[in-house]
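So for the sequence shown, the numbering used here puts the first residue at 6; every next one is plus one. Ideal Cβ positions, reconstructed from N, Cα and C, are used throughout, including at glycine. Computed from a predicted model, the values in this text were never measured in an experiment. What follows is a set of notes on a single structure, which appears directly below.
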Amino acid sequence: MLGRLVELSDAALRSRPDGGTRAVETRWVRRAVPSFTDSAVMAGPSSPPASAVLPTGSAGSPARDGRGASPQEDRGASIAARLDAALPGAELAEWLASLEPADLDDHTLVEALAAWERVASWAQAGSARVLAELLERTAGSSGHEFVADGVAARLGLTRSAAAQHVTVAHGTARLPEVADALADGLVDRRKAEALIATGRLPDEQRRQAVRELLPDVEHLTVPQIRARMRRAEIAVDPGGAEERHRVARTERYVRLEPVDDAMAYLTAYLPADDAVRAFAAVDELALAVRRGPGEARLLAECRADVLTGLLSGRLRAGDGADFVDGGGSGRDVAGDDGVRHGAPVQPSGAASRRGEVRVSIAASTLLGSDDLPAILRGYGPVPAGMARALAGDPDAVWQRIFTDPGTGVLTDTSSRSYRPGARLRAAVVARDVTCTFPGCRVPASGCDLDHVEPFDPAVDGPQTHGDNLHALCRTHHRAKTGGGWRVSRDPATGVTRWTAPTGHQHDRPPEAHGPPEVLARPAGAEERGATGQRRRPRGGSAGGHSPSSDPSSTA
Numbered sequence: 006m007l008g009r010l011v012e013l014s015d016a017a018l019r020s021r022p023d024g025g026t027r028a029v030e031t032r033w034v035r036r037a038v039p040s041f042t043d044s045a046v047m048a049g050p051s052s053p054p055a056s057a058v059l060p061t062g063s064a065g066s067p068a069r070d071g072r073g074a075s076p077q078e079d080r081g082a083s084i085a086a087r088l089d090a091a092l093p094g095a096e097l098a099e100w101l102a103s104l105e106p107a108d109l110d111d112h113t114l115v116e117a118l119a120a121w122e123r124v125a126s127w128a129q130a131g132s133a134r135v136l137a138e139l140l141e142r143t144a145g146s147s148g149h150e151f152v153a154d155g156v157a158a159r160l161g162l163t164r165s166a167a168a169q170h171v172t173v174a175h176g177t178a179r180l181p182e183v184a185d186a187l188a189d190g191l192v193d194r195r196k197a198e199a200l201i202a203t204g205r206l207p208d209e210q211r212r213q214a215v216r217e218l219l220p221d222v223e224h225l226t227v228p229q230i231r232a233r234m235r236r237a238e239i240a241v242d243p244g245g246a247e248e249r250h251r252v253a254r255t256e257r258y259v260r261l262e263p264v265d266d267a268m269a270y271l272t273a274y275l276p277a278d279d280a281v282r283a284f285a286a287v288d289e290l291a292l293a294v295r296r297g298p299g300e301a302r303l304l305a306e307c308r309a310d311v312l313t314g315l316l317s318g319r320l321r322a323g324d325g326a327d328f329v330d331g332g333g334s335g336r337d338v339a340g341d342d343g344v345r346h347g348a349p350v351q352p353s354g355a356a357s358r359r360g361e362v363r364v365s366i367a368a369s370t371l372l373g374s375d376d377l378p379a380i381l382r383g384y385g386p387v388p389a390g391m392a393r394a395l396a397g398d399p400d401a402v403w404q405r406i407f408t409d410p411g412t413g414v415l416t417d418t419s420s421r422s423y424r425p426g427a428r429l430r431a432a433v434v435a436r437d438v439t440c441t442f443p444g445c446r447v448p449a450s451g452c453d454l455d456h457v458e459p460f461d462p463a464v465d466g467p468q469t470h471g472d473n474l475h476a477l478c479r480t481h482h483r484a485k486t487g488g489g490w491r492v493s494r495d496p497a498t499g500v501t502r503w504t505a506p507t508g509h510q511h512d513r514p515p516e517a518h519g520p521p522e523v524l525a526r527p528a529g530a531e532e533r534g535a536t537g538q539r540r541r542p543r544g545g546s547a548g549g550h551s552p553s554s555d556p557s558s559t560a
């Protein structure tokens, strides 16, 4: 557990070259753990002792709470526990370099990896400090503009990559919370940049947003950090967010970028609601193509072909019309490899022309009483005006959500059957939002619904209910089924706990409870009477996992 330690001594006021001081810092540190002074050590849980020993010394390496422990406490600690608790620095780096990976058990290898990453973050913090000093020395001079070019030349980086170093250096000088998190190994440079550069928050408000994130930041992905910072920005200044969006809309574009192997990127910079709507429409049609008889392409290939077909006119969408592959070669069915591609598929009506777009918006915001940020599924936080526009679409379908008034955990019906009904499936999708593996961003709507406790036909009683169902992308479904990972879910808190083959445990908290959902989708589409829950905004990145078969399956 992370604990909060506020250093109020004079030493906490760090001196600056100009004679000023820096504000008192809040540091987040770990529990008390043994130091590295005893050579009598054990390996990780349920493993034979490792032959590597800790370095000897009078002081030892500090723990992540800033203090050591007695030799008696040392003897009972494993290498893995000490690695997990150690603050990054030169002593930790020296100790890690002395360990022989072949002598460590699997659990300890993972902790050694994490410790090396903390050391890397500590080194990045040092890099940021010296670059900040260089930037301060050149401030106001003609050379300040070209500091990034000097960094790029010395480190062999592009100017863009060097500019990221400059951003982190500037930001950590202004935001001591981020500087400390980087030095303590809680974040790396990419996470630090997300904390520093996402949105347009004034420094004091950004510092407050960062402080609120610190207890969780070590286990958040970069997209999750960005989503939370964007939500904080909208909440602090909703009017400014609306105005910035209005200006940004005037800069929208479509761009072609040639790359190797006779390929190219077709990039569109669009308003978030238009982009999500366009992707949903492409995804809907691509899933129909992917499920066609004899189809051999991956879902990603189907999306690309559907997009090309729609834009070029080779793919025709309409009620009752067949969809034909719009591949770049002009072929409709057969490929060069002789594999059958793009068999015609029957659409499912209007829903195949316009994909489903979901937005969560508070009733008070919908009525205009406030301007709280809303959540656009697949993107993240958006200004209230955009959400109201989606909710006001004449084709929008409303869904009520039901949660326990005390805990906010989803209240649902149960079933004795193996597969959940439409209402239950929609409820679990609304509750989980994404795959429930920690950090995975595959949307729950494209996931399998997995039984946490495997379904047993011999059991006399309902097993298919919300407490025993969760969304898993195909990759993490396979990890649970055959990859040695174990899963449990606490129905009272909604926390899903994953236990790795190494014994490491990782908690995935429930999405924070959100307001009622509005489904912006075409009239005539089947309404899924769903329940859901309020949830915290998360990043919209798909996390690199794409389900490649029917996502409606359960296990």
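Just checking my contact of residue i with residue j at CB under 8 angstroms: how many whole Å lie between their CB atoms?
i    : j    : result
A214 : L225 : So it is not a contact: roughly 13 angstroms between Cβ atoms.
L454 : V433 : 6 angstroms
P378 : R233 : Actually they do not touch by this definition, with Cβ atoms about 11 angstroms apart.
Q510 : T501 : The Cβ separation is near 11 angstroms, so there is no contact.
G176 : A202 : 7 angstroms
E198 : Q229 : Going by Cβ atoms, the distance from E198 to Q229 rounds to 14 angstroms, so no, they are not a contact pair.
A476 : A449 : 4 angstroms
L101 : A85  : So it is not a contact: roughly 13 angstroms between Cβ atoms.
Using only the alpha-carbon positions, how far apart do residue i and residue j sit?
i    : j    : result
D472 : V152 : 55 angstroms
P276 : R257 : 8 angstroms
G94  : V124 : 6 angstroms
M268 : A301 : 21 angstroms
A293 : F442 : 27 angstroms
S165 : A497 : 47 angstroms
K196 : R382 : 23 angstroms
E223 : H112 : 19 angstroms
V457 : P220 : 28 angstroms
V264 : E105 : 42 angstroms
S369 : A119 : 44 angstroms
G451 : G488 : 21 angstroms
R179 : T469 : 52 angstroms
A634 : R295 : Residue 634 is absent from the model: the chain starts at 6 and stops at 560.
V2   : E138 : Outside the shown range of the chain, which is 6 to 560, sits residue 2, and nothing can be said about it.
T272 : I239 : 26 angstroms
P459 : R134 : 52 angstroms
R282 : R513 : 28 angstroms
R363 : D398 : 12 angstroms
P506 : R491 : 8 angstroms
T255 : S365 : 26 angstroms
D278 : A392 : 9 angstroms
T486 : R494 : 16 angstroms
Y384 : A157 : 33 angstroms
R526 : A401 : Residue confidence for R526 is low, a pLDDT of 36 falling below 50, so the modelled location carries little weight and cannot support an answer.
G148 : E141 : 11 angstroms
P515 : L429 : 17 angstroms
G245 : P386 : 14 angstroms
I380 : S103 : 48 angstroms
R87  : R212 : 31 angstroms
Looking only at its own chain, which residues have a Cβ that is under 7 angstroms from the Cβ of residue i, when we skip the five neighbours before and after it?
i    : result
G390 : E247
P243 : D376, P388, A389
A291 : L304, C307, R308, V311
Y270 : E262, V264
V183 : G176, T177, A197, L200, I201, V215
Q210 : V241
Look up residue i in the DSSP assignment and give the residues it is bridged to.
i    : result
Q510 : T504
G385 : L381
D453 : L477
A439 : Checking the sequence shown, residue 439 turns out to be Thr, not Ala. Bridge partners of T439: P448.
A319 : Looking at the sequence provided, one finds Arg at residue 319 rather than Ala. R319 pairs with nothing; no bridge assigned.
S369 : Paired residues: none, contrary to the question.
R494 : T501
R231 : The partner list for R231 (beta bridge, DSSP) is empty, contrary to what the question assumes.
Can you name, in chain order, every residue of its own chain whose Cβ lies under 6 angstroms from the Cβ of residue i, other than the five neighbours on each side?
i    : result
T126 : The residue you asked about is not Thr; residue 126 is Ser in the sequence shown. These residues qualify, in order along the chain: L187, G190, D193.
A394 : none
Y274 : R257, Y258
A98  : V124
Give every residue of the same chain whose Cβ lies closer than 8 angstroms to the Cβ of residue i, excluding the five residues on either side of it in the sequence, and list them in chain order.
i    : result
D208 : R179, L180
R249 : R205
Exercise. If you scan the segment 165-224 from start to end, which runs of the alpha helix (DSSP H) of 4 or more residues do you find wholly inside it?
Worked result: With a minimum length of 4 residues, the unbroken runs of alpha helix (DSSP H) contained wholly in the segment 165-224 fall at 181-188, 194-202, 208-222.
Exercise. Taking the runs of the alpha helix (DSSP H) that are 4 residues or longer, which of them lie wholly in the segment 236-310?
Worked result: Counting only runs that start and end inside the segment 236-310, the alpha helix (DSSP H) elements of at least 4 residues fall at 243-254, 277-295.
For this session: Just list the alpha helix (DSSP H) runs in the segment 91-174, keeping only unbroken ones of 4 residues or longer that don't cross its boundaries, in chain order.
Result: Counting whole runs of 4 or more residues, the segment 91-174 contains the alpha helix (DSSP H) stretches 95-103, 111-143, 152-160.
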